[in-house]
Structure formats: structure tokens, C-alpha cells
Amino acid sequence: MHSWLRRLVYLLRQSRHDAELREEIEAHRALRAAHLESEGLTAQEASDASRRAIGNVLLAREDVREVWLGSWATWWQDVRYGLRTFRKNPAFTVVAVVTLALGIGVNTGIFTVVNAVLFRGLSAPRAHELVSVSQSVQGVPDLAGQEAFSTSEYFAYRDRAQTLSGLVAYGNARGEATLGGDAPRKILGALVSCNYFAVLQQPPALGRAFAARDCEPGADLVVVLSHELWRTAFAADTGIVGRTIQLNRQQVTVAGVAAEGTYNGSAFLVGSYLAPINAGRLLTSDDSRYDDDNSLWLNLLGRRKDGVGSGQVRAELDVITAQLDRQRPGRSTLLTIERARPAMGQQLRGTATGAAVVLMAAFGFILLIACANVANLLLARGTSRSHEIGIRVSLGASRARVIRQLVTESLLLSLVGGLLGSVVALWSFQALVALAVPAMLPPWFPLVLTVDVSPDLQVLSFAVALTVGTGILFGLAPALHVSKPDLHGIMKQDSAGAGSSRRGGRLRGTLVGVQVALCMVLMIAAGLALRGLHATYTIDPGFEYRSVAFVSLESAFDGYSPEESEAMRRRLMAALAALPGVDAVASVEQKPLGDDMAPALFRLPRESERESRVGEVVPVSQDYFSVLEVPIVRGRAFTEDEVRNQTAKPRPAILSATTARNLWPGGDPIGRTLLWESPGLPVVNTLQVVGVAADAQLTALGQIDPYYVYVPGEGGAVLVKGRTDVATTVSGIRAAVRAVDPTLVVTVLPLEATLGWSRSISGTVTSLFGGLGVLALVLASVGIYGIVSFAIAGRYREIGIRLALGATAWSVLGLILRGTMRPVVVGAVIGVAAASAMSRILSSVLFGVSPADPVGLGGAALLVLGVALASGVMAARLATRADPTATLRHE
Amino acid sequence: MGLTNTPSDLLPGTLELLILKSLVAGPKHGYAIVEHLRVTSRDVLHVGESALYPALQRLLVNGWAKAEWGVSETNRRARYYRLTPAGRKQLAGERAEFERMVRAIQHVLEAT
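Sequence lines, in order, name chains R and D. First residue of the first sequence? That's 176 in the working numbering, and the numbers climb one at a time after it. First residue of the second sequence? That's 4 in the working numbering, and the numbers climb one at a time after it.
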């Protein structure tokens, strides 16, 4: 046991320790008395002599305290003194603790989410030995931005690495698989190397792990089910091992059931099965990634051998990388080796990091406002305590000693607030995330997504660091300020007005200004987001959506051959077109306002590649424009032959009106040609314009793309326009799909669901900023009320005289507010400027509303100013209501 | 009977050294330690409680001794102090240091 630990134990049971010491010394005296008696003294003499001999017991007790606590003693004294002052000022203490609890709580809460998304490591036995390996490839444009490995690269690392006891590779099974049975549904799977369970050290709960033979060519297809799928789809049937199930229309043998909590290859998606690494082609006939050296699809996880440092692993793997690079001229590869974490993909990680920064900043504002509030309270209290502090300083306390006392008090406040806030936040954010995550997902998202926000060591460290940092942040400035009292002034007069120098007023004013500015930023964000939400309900996207339903056929035909799939798709289209009440059916690759965009590059024939413009190319069938009621304003729509055969050279194209204007300003686009490339593909297509369609907001609500080009083609989504109401159309479609093939799993939704998704995201963002904004506003108005009442406190006498001399209550009110509201106005102006600088962050939820929208911006600004003014007036009216004679008599 | 209540008559740390030494023979309570010191010093060292108990607590803080309640020879509840291995090590070190000090002082006094 370390000596400081023994000191701590002493502190915790100090009173018991004191009692023991008293008893021990009394025992000592009794022993001495007995001894003296045995030497012939009378009992009384012995007792007296022993009492004399004992010396100063009180002094001994003090010395013992000093022995135990040493430098701790003064610190402990500070704490007890602080607690005593808090007990004497319960109102102050409660306001400060609640404010801090709010500020620290919401930040700890949002950090649990950020931590869950970005920082949480992979959970497995002895996880500290596991490392994630990723690469970034230079010199091969097609591979830019990818971080996974090809199958042959994996084998090279696996076979050559000596510092690792094992190297695992895993990738997603392409698309979502369809689980057969009575109620077919889409599930997510992963393809893993056959050492997966051994290296992760997580043996299956039932059955067996993959063996090397499962990954050999020609092996029978076996899968290990996730614990979750086993429970939900197979009722936790222990007899499942060895049975066959239907996966993508294939008969698959179940080798085992993974243990609960086994990593399933995805960061947030709930995975349902694991299959051997080479099983992709068996599950989906066109999955050729396993055999393709240019396909980077495998994530790597290695386990370090005992006693091998990560530096050694890096050195060895770098050598292997260099060997591989030598075989591929022009390529240079950089490896990243880090603490193992779930695979997430660079793009998603980038988006999530950006969102995390915005969220943490927004929540950080609340904490700053809370800090400013408590600092203000402390300043006000410090001024009223300046008498006490003055006396302490004149009795010889050093400034450092006084500052330490004051900072100890603020740390105590933040510890209590932080503990309270964090505990509440850990509970409430779990519920909030459970609500918010489904709202952010598109309604056609087929899989289950979980974000595990349970606290871990990182969350706890964050909460502790935040609490201590907060305590110092809001405590130090007032402590520095208060500890420099005007001794002379304090000794001369009483506490009223003493120490309330101009300096203190300016510091308080700045704090209020900062509060108002931060509050303004949040409220403007909320106001603009609310306008965006309004726009999602009122906007005309330029296409018909109320009477249209869409069918998503994505990965619906997995397991069928390409010819079977195509025939099936045609049968389905015909069945849908023949439905009673259906006007027209169109096939399209991307449904309007969907989330799956593929960028394309355009240029005119005379332009160089560097002048290419980025835009969208959308393959659509002939009836697309009539289904969505997007008028063709010039030229013609596609013909059925153009859609079916796609052999025409150059390919026909229809431009949006804006695209036509941007490419040929003022000219007639019909008959002109342009070149189209997809990034990373060497093919250059020549397009010939046959028509111009009216503009429509097809990629995002409120957004007209500058370059949007339609080409004839078909794809994985079907748009169905009905005469009856859309719910009837949707149920009609479902019946028709079942009639064509009962094993098809397709998503059928009204097209309005795509708008609903925008609304749902917009609503979530609005409530987020609105909630934070209201929180900030409440805190800031408490702060303003505080400084106004404080400013009045020193001026009761003056106000009394003014009122007695005949000043009206209104003129006095104006006088008080003029002085105290200046920082509010300055803060508001700064807040508006900062908000307009930052509003670009919000652009994705504004849906065409301008970031300078007068209603959203002005409304929010007026609200903040109004509330600020109201809280100022409320505080100031206390002074003007006071009876002047009473005030003057009091002086 | 002269009372030596203040430890300042001794070199700093000497009282702890003497207590450690008196515990080598076995656990003792406070009074027994005082008596042991008085007798073995041929009635020169009379250690008062106000010096003894802070010194004993210093042994506890540093982990050189452990305290436990027991029953004295006169059937009274008393706290017995027992030397720990760390205390034994400390005693050896302190003792060497003390002897070095005493020799140094002798050298100074005997210098001409």
C-alpha cells in the first residue's frame, strides 16, 4: 500500500482514528498509573503523577494530524471551508451546480455518441494485442482513396509476417443477402478468412469455427450464423448446426453459431452471418472480388505475438509492402497500423468526423455559456466576499493561498455538477440515440443499425478531464480578479460597493457578451434549420411524387444468373404495368432524392479533360418523364428502342434546362454533342442531345444541379404512377411482386418517403439546435438577470435619490438598462456575424433556404434579444419598485 | 526524575530509530515502548506521549510498523505496534546513518 493511499484511508476515517488515539493515550496513562501504584504510590498519587507525565494530549493529537496529512492538511482545510460556504449559500450552490451539471452533462453525453462512432475499439479477448492494418496507395489513380487490400496482398502479408501470431482478413458480403424461408428478408453478411475465430480468440457458441479446408477452392458452402440471427430467425434452436438454410437461393450448411458479441465485420450494422473468404461468388454470381488483384476489398486485423511491440510489427510489414511494391512498378504504398477498431471506410469516417466536430462545437457552446454564468455568479459573490478576503490578506494570507482557496471551491462545484450531469447524461443519451438513429436513416434502409453508446474508459476520462478543466476555466478568472482586492478601500468602509471596480464590471460584461453571442449562433442555426424543415413541406420539387410509388430491386435477384435476373425483371415490369389503376411504369437507376449518386464528368468535344465539369448521368427508361411529370420543353423523350437496345452511337441524351443553359448559353442544344466519362473508367462516351427537360430537384431537395443529364437505360428502381391513392398502389405492387416470385425481397414505398427522409433529418437537426438554443437562452437569461441585479445592488442609494427627486420609474429603468445591455447588443452583433460565417455547415438541411434567410435569421436574432431584454427588465424593475424612503433610511 | 518530553533533545529521526529498535524483540504497546527505552537507556530517556504518539504515527504512515489492538498484561485494551519488513529495512539503514553521524560528531569534539 502506498503512503498516499494510507493517508486517504486516514482522511476517510479521521474521526474514528482520533477516537482510537484518545483511547490509546488513556490506556497509556492507566498503564503508567498501575506501574506507579505497584511501586508504592497511592491510587490518587499515581493517577495525578500519570496525568502530569502525559504532557499536552491536545498538542499530541494536532501533531498526529500533521504527521498524516502533511501538505494535504491545508488542502483538506480548503475543501472543508468551501463546503461550509456552500452550505451557507444554498441558492448560489444549487444554481451553480445545476448550471454546471447541464453544461458538463450534455457534453459528456454527446461524447458518448462521438466515442461510440469514432473511437471505440474492437472488443475481443486480449484486444490490446490486435491491430488494424490499412493501406493508402500512391501512383495508381483507380485505387486512390481506398484503404483495403486485395486477396493476393492479404495472402502475402499473412504468409510472411512473423511478428503476428495471426492475420485475419474480412470484407462485406456483396450487397445484402436474402435469407430464405417463410418470410424472406435481407440480411448483412461478412466474408472472413478461415482463421477468423482462432485469431480473434472468440470460439463459436455452438458448432465449429471455420477450418482451413472451408476456404479451399471447391469447398462446400458453410456459414456461421450470428448470435442475433440465430435468436431472431431460428428461435435459438440448438439443433441448427449441420442443417441447411437458404441464403440467396443457395442451400448453405450451418457450421456454427457465433458467440454473443463476436465482431461481425461492421462498425454499426448488425451482421447476420459469416462465410468463408472465397464464398462471395457462390452467394452472388457476379462477385469476382476474391480473384481480382485490382479489387481492394479486405480489411486486415492482426494479433501481435507475445512481447512483440507495434514498432516491430510496423517494421516487418513495411518490408513486405516494399517487396510487393517492387513487383508493381509505379506503385508506392503506405501502411497504417493502429489499435484495432471496427472497419468503417474512409469516406464515412470523414463524414462522421466532420459531424462530430460540429456537434462537439455546438455542445461546447453550452458548456462555455454555463461557465460564463457560474464565473459571473462567482464574481458577484467574490465581490460580496471581498471583505472576508481583504481580512485574510491583511492577516498575512498570500495571494496564491487565496487563489487556491477560491479555485478549490470552484473545483468542488464542478465535481459535484460534473458527477450529477454525467450520470444523468449517460442514461438520457442512450434513449436519445435510440430515437435519433432511426430518424436519420432512409426509410428504405433494409438493415438494422446499432450505435453502442455505453460508457467506457474513454468516456470516463473525458468526463473527468472536462469536469476538472471546467472547474479551472470558470474558477480561475474570478479568483484572480477577486484575490486582488483594494485593501485600503475595504478596511475603510463596509462591503457594500467595495471592490466593485470598473475592471470587474468589464469582465462581467464580457462574459455576458460571450453568452449572448454563443446563444445567438445556436438560435440562428435552429431558426434556419426550422425554415429548412418548413421548406421540405412547402417546396415544389419539380416532379410529381404524391401519386408515385417506387420499388427498389437492389440485390433482389441475388442467386439468380444474369439472364434469369433480366427475365425476372421484365416479367415484373410487365406485371406492374398491367396492374389496375396504374398509369405508367418507368425503370431508373437512381430513385429521385435517393442516397446513391455516382458523379460523372462532362466536357464539350473541343475542351480538354481538365475543363471537365462534375455532374450526374442518370439512366432512365422512356416513360420516366411522364411518370414524374417532368415536361420535355424542347426536342423529344427517349424511345422504347433506345432504352432496350442502347446500341446507338453517339448515345442520345436529354439535358435539364439548367444544364443546357450552362453548356450552350443562348444557343439551341438539340443535335449538339458532349463527352461523358465516369471517374476512374477509361471509356469516353459521346452523347448527342435529343431533348431538354424542365429542371427538377432530383438529387437533393431545394437543389437544382448545374449538370444533370439523362441517358436511355434501366436500373434497379421502378417508379409506378397510379390513378388511385398511393397506398392502394403500394399494396397492389406488393401483391404483384409476390405473384411473380414469392422469394423476392423488394422495398416498396410511396415516393413521398424520400421527402419524408429529408423531413426526418431536417426535424432531427432542428430539434438538436433548437434544444441546445433554448438551453443556451435559459442559461444566458439567468446570466443577464444576474448582472443586472448585481449592477443595481450597488446603486440602490443612487436610485432611491433619483426616485425621491422625481425621476419616473421608466427613466430609471432606462438608465440601468443602458449601462447593462451594451454587452448584450455587442454580443448579439458578434453572434449574428459568427452565425452567418458558419451557416454553410447547415446547407445540407436548408433545402434551398438562403443562409441569410430573413425570417430564420431575423426571427432567431429578435428572439434572443427579446429574451435578453426581458430578463434585464425583470431584474431592473426590482430596483424601481423599491420604496425610496426605505432605501435611503437603510443607508 | 527528569522528563524528556521534547524530541528536540535528540537528533531528528533518532526517536523513530529507537522505537524501531525496541520493536525488534516483538510487538509492544506505547507504554511498554517508553518503559523499554527508559530501562535500556539506564533511566536517561524519558519519552513523553506528546513525542511518542506522533512518532508512532509516522511509522504507520510510512508503513514501517503496523498497529493492532490487543490485551495488555494488566488486562487492558492496548494498541500493539509490530515491525514490518519495510521497518526492518529502515532500521538497518537508519542505524548505519546514525553511527556515521555519531562518529562524525566525535571527530569534531575530539579535534584539537
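Glycine included, each C-beta is placed from N, C-alpha and C at the ideal position. Predicted model only: the values in this text are computed from it and were never measured.
Check your understanding: Using 8 Å as the limit for Cβ to Cβ distance, is D:Q93 near chain R?
Key -> no
Review point. Between which two residues does the alpha helix (DSSP H) carrying R:E491 extend?
Key: S485 to R501
Point to revise | With 16 other Cβ atoms within 10 Å as the buried cut-off, status of R:A218 | key: exposed
Practice item. Can you tell me which of R:L588, R:G592, R:R811 and R:A871 puts its alpha carbon nearest to the alpha carbon of R:P716? Key: R:A871
**Study point:** Beta carbon proximity, R:W243 to chain D, threshold 8 Å
**Key:** yes
Check your understanding: So R:A652 is in the alpha helix (DSSP H); what residue range does that whole segment cover?
Key -> L632 to V657
Point to revise | Simplified DSSP state of R:R301, which is helix, strand or coil | key: coil
**Study point:** Buried/exposed call for R:A248, threshold 16 Cβ in 10 Å
**Key:** exposed
Practice item. Return no unless some Cβ of chain R is closer than 8 Å to the Cβ of D:G96. Key: no
Review point. Under the rule that 16 or more other beta-carbon atoms within 10 Å means buried, what is R:R819, buried or exposed?
Key: exposed
**Study point:** Own chain residues within Cβ distance below 6 Å of R:V374, not counting five before or after
**Key:** G341, V343 and R478
Exercise for review: Using the DSSP secondary-structure output, state which residues sit across from R:R478 in a beta bridge.
Suggested key: R:L305 and R:G341
Point to revise | Identity of the residues DSSP links to R:F324 by a beta bridge | key: R:L473
Review point. Skipping 5 residues on each side, what residues in its chain have a beta carbon closer than 8 Å to that of R:E804?
Key: F718 and E719
Check your understanding: Helix, strand or coil: which one does DSSP assign to R:A673?
Key -> Any reading at R:A673 needs caution, since the residue's pLDDT is 39, under 50, leaving its predicted position unreliable; the model's value is listed next. The answer is coil: DSSP assigns R:A673 none of H, G, I, E or B.
Point to revise | Cross-chain neighbours of R:I200 in chain D, by beta carbon under 7 Å | key: E52 and Y56
Practice item. Mind listing the chain D neighbours of R:R181? Cutoff is C-beta to C-beta under 8 Å, in chain order. Key: L63, V64 and G66
Point to revise | Per-residue DSSP class, three states only, for R:I845 | key: coil
Point to revise | Cβ pair count under 8 Å reaching 3, the stretch 958-969 of chain R against the stretch 1011-1028 of chain R | key: no
Point to revise | Helix, strand or coil at R:N548 according to DSSP, with G and I counted as helix | key: helix
Review point. Secondary structure at R:H210, three-state DSSP: helix, strand or coil?
Key: helix
Check your understanding: Could you give the distance in angstroms between the alpha-carbon of D:V137 and the alpha-carbon of R:R182?
Key -> The structure shown does not extend to residue 137 of chain D, since chain D is modelled only from 4 to 115, so the question has no answer here.
Exercise for review: List in chain order: all unbroken beta strand (DSSP E) runs of 3+ residues lying wholly within the stretch 353-377 of chain R.
Suggested key: 360-362 and 364-367
Review point. Do R:L543 and R:V397 have their C-beta atoms within less than 8 Å of each other?
Key: no
Practice item. Using only alpha-carbon positions, find the residue among R:K361, R:I279, R:P618 and R:R836 that is nearest to R:G769. Key: R:P618
**Study point:** CB contact flag (R:A654, R:I566, <8 Å)
**Key:** no
Exercise for review: For R:E797, name the three-state secondary structure that DSSP assigns.
Suggested key: It is worth fixing the name first, because residue 797 of chain R is Gln in this sequence and not Glu. Residue state, collapsed to three classes: coil.
Review point. Would you report the Cα separation of R:L947 and R:L553, rounded to the nearest angstrom?
Key: 24 Å
Review point. CB R:V865 to CB R:I845, shorter than 8 Å?
Key: yes
Exercise for review: Report the three-state DSSP secondary structure of R:D781 (helix, strand or coil).
Suggested key: What sits at residue 781 of chain R in the sequence shown is Arg, not Asp. Three-state DSSP puts R:R781 in coil, outside helix and strand.
**Study point:** Residues bridged to R:R826 [DSSP beta-bridge criterion]
**Key:** R:L862
Check your understanding: Quick one: does R:V239 have its CB under 8 Å from some CB of chain D?
Key -> yes
Review point. Looking at C-alpha atoms only, which residue of R:Y712, R:L747 and R:R721 is the closest neighbour of R:S727?
Key: R:L747
Point to revise | Closest residue to R:D481 among R:T848, R:G350, R:A761 and R:A302 (Cα-Cα distance) | key: R:A302
Practice item. Could you tell me whether the Cβ atoms of R:E817 and R:A823 are closer together than 8 Å? Key: yes
Check your understanding: By Cβ distance below 6 Å, which residues in the same chain neighbour R:L648 in space, the five residues on each side in sequence not counted?
Key -> C546
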